[in-house]
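Residue numbers (the UniProt record's numbering): 1 to 656.
Glycine included, each C-beta is placed from N, C-alpha and C at the ideal position.
All values derive from a computational prediction rather than experimental measurement.
I have placed the structure first, in the form of structure tokens, so that the comments after it can refer back to it.
Here it is as structure tokens:
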């Protein structure tokens, strides 16, 4: 503050001082008029000086304020016109009314009087939302737009350098990958040393060429495992090629009867090397759980992206794991007081048949078992099976409703989940939450959603059905297993339904399991009766197929009427029938279900991975057999959404 402001001394205190002085001088005049006169003269002189000082102060203050206002206005003008911050004023119609020189520096054409789309179309749309700021790119520059809606004012801050540094940082982030040879042991088993060495040389040479081409640090850690370290920028390039390394290795080893396939688990994003390593291992487990021959990419607190998965899971030749799992399940059953068995919602023949098989496992080990089933939520073919079960008093007594199951649960109860591994799909999630010890037996490819903290997981994507897996577990029980006719028939029906009468996803072990069940008394005639269709179902299915059309690349899409309700089983049957037509490599059938959701069933001959497409719609399944359910949309909207995902599948990688 200027010094003259501190010299200000006029005011009420000065007036009071003059008044007191005048009173004392007046009293003095009464006694000594000469001294009083002199005093009044002096007081007058001081008063005149004070008035002059006040006038001078006012002039100086006015001059200072005038100068300060000019300087402030000049500084504001300099800030608006020369500071590196863009300013834009617009009216109610989003027409530009005024911009400062900063804006005109990066907008070459005249923009005043033009709509804001002249600057950026996304910015125009943002003004209709509640967002207070957004990022836009104009030419080679990136700006952060700060919106003041009350003043209809937009500030532009140049963040080009900040964005460049951020992208550079992201590109330089470390990525760790674990490369695993899926079927190395199976392929090389029984090979001569010379042939095995030649095969491994082909794989190693292909991997080394790939690492040199992309600048990847690659080291072999075991006979079937490699460690790769590279940058995020390299990962983005590999994703653009959809990891063609998988195809290169498969083709390089295709001279053998069974080509070697790779599974790659990738850990990326911010984090320590230890965290990235754990992410890579977790991604590899996920890729292997989905059948191998694919890449799983995981980021910390991010979603998982999958690439590959073009081939079916290779059937394991050894039964060692089945025997080990069978004995482990036996131990868990013996440690429990009872066993609860539960499949997925809208259970099919495989879910019910495998549940009956697990019930037999519990009974062989002297424990009570109960199968959780909602009688109001089962398909027609399962209803036929349940009618047979009801005539079987001993078996029917072990079926309970979800409500009854919640009442029967104890601290020592063991829960076995069959034919699904997703907690959102089980019949009664409350039972899953209430029981601590859970075993998962499933043949579907593993998805991102998974039942956590399971004490035992037996997932084999190569298997035709969960019924096949359970049948093998029964074979390896220490006690002599003897199934009655209905138990064996239920398991066989599960296998037949999932293999389409041994036509798809059928390996040698599938026939071994079917042969075992037949030896235990499974009735094939009863299976055929259970799977018989009603005439009205056949007509409905035919009408679905009648509406089919080829969308692209041999992919057929059929949809039902918006007001026509079809069961999930019927939708699946229509997709199977479509796949048998000439020129169709994949089929998708869309229809409304009785729960008002939209069901989509997908089938393929193997060239198209329908599992990836269904996972984009929060579904899942196998490479050649998958499905999903959508809520809150119409049949037509579901068709458009499906077409979008099919396009995404053919044109790029899949993010789940």
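Which of helix, strand or coil DSSP assigns to residue i
i	result
residue 268	strand
residue 621	strand
residue 576	helix
residue 462	coil
residue 657	Summary: the structure shown does not reach residue 657, with the chain confined to residues 1 through 656, and so no result is reported for it.
residue 442	strand
residue 476	coil
residue 570	helix
residue 253	coil
residue 582	coil
residue 455	coil
residue 647	helix
residue 336	coil
residue 409	coil
residue 506	coil
residue 423	helix
residue 97	strand
CB contact flag (residue i, residue j, <8 angstroms)
i	j	result
residue 454	residue 431	no
residue 286	residue 144	no
residue 427	residue 344	yes
residue 465	residue 499	yes
residue 472	residue 328	no
residue 565	residue 532	no
residue 112	residue 97	yes
residue 114	residue 170	no
residue 162	residue 146	no
residue 262	residue 288	no
residue 270	residue 173	yes
residue 477	residue 330	yes
residue 538	residue 643	no
residue 103	residue 156	yes
Sequence-distant residues of its chain with Cβ nearer than 8 angstroms to residue i (five each side left out)
i	result
residue 221	227
residue 234	175, 214, 215 and 216
residue 126	134, 145 and 147
Residues that DSSP places opposite residue i in a beta bridge
i	result
residue 591	599
residue 342	372 and 417
residue 87	155
residue 549	557
residue 230	175
residue 294	308
residue 524	In the DSSP output, where bridge partners are listed per residue, residue 524 has none listed.
residue 133	146
residue 628	600
residue 299	268
residue 613	Bridge partners of residue 613: none, in fact.
residue 429	According to DSSP, which records beta bridges pairwise, residue 429 is partnered with nothing at all.
residue 538	Residue 538 is not bridged to any residue.
Neighbour flag for residue i against chain B, beta carbons, 8 angstroms
i	result
residue 433	Of the protein chains in this structure there is only one, and it is not chain B.
Proximity to residue i [Cα-Cα], best of the options
i	options	result
residue 266	252, 541 and 282	282
residue 587	90, 573 and 598	573
residue 412	29, 333, 373 and 326	333
residue 568	649, 236 and 349	349
residue 527	34, 495 and 513	495
residue 560	598, 579 and 525	598
residue 484	357, 271, 241 and 644	357
residue 224	181, 156, 551 and 163	181
residue 383	353, 112, 110 and 415	353
residue 518	538, 549, 507 and 482	482
residue 36	21, 388, 47 and 554	21
residue 131	109, 200, 154 and 110	154
residue 251	240, 203, 236 and 16	203
residue 555	534, 542 and 585	585
residue 100	87, 94, 109 and 93	87
residue 95	109, 297, 116 and 84	116
residue 460	420, 424 and 63	420
Neighbourhood of residue i by C-beta distance below 7 angstroms, restricted to the same chain and skipping five residues each side
i	result
residue 152	89, 90 and 91
residue 141	106, 158 and 160
residue 360	474, 483 and 487
Cβ-based neighbour list, residue i, same chain, cut-off 6 angstroms, excluding 5 preceding and 5 following
i	result
residue 276	176 and 267
residue 362	333, 339 and 369
residue 138	106
residue 491	353, 357, 467, 471 and 517
residue 149	none
residue 601	571, 572, 575, 589 and 627
beta-carbon residue i near the ligand MG non-hydrogen atom, thresh 7 angstroms
i	result
residue 534	In terms of ligand content, the structure shown is empty, and the ligand MG therefore cannot be addressed.
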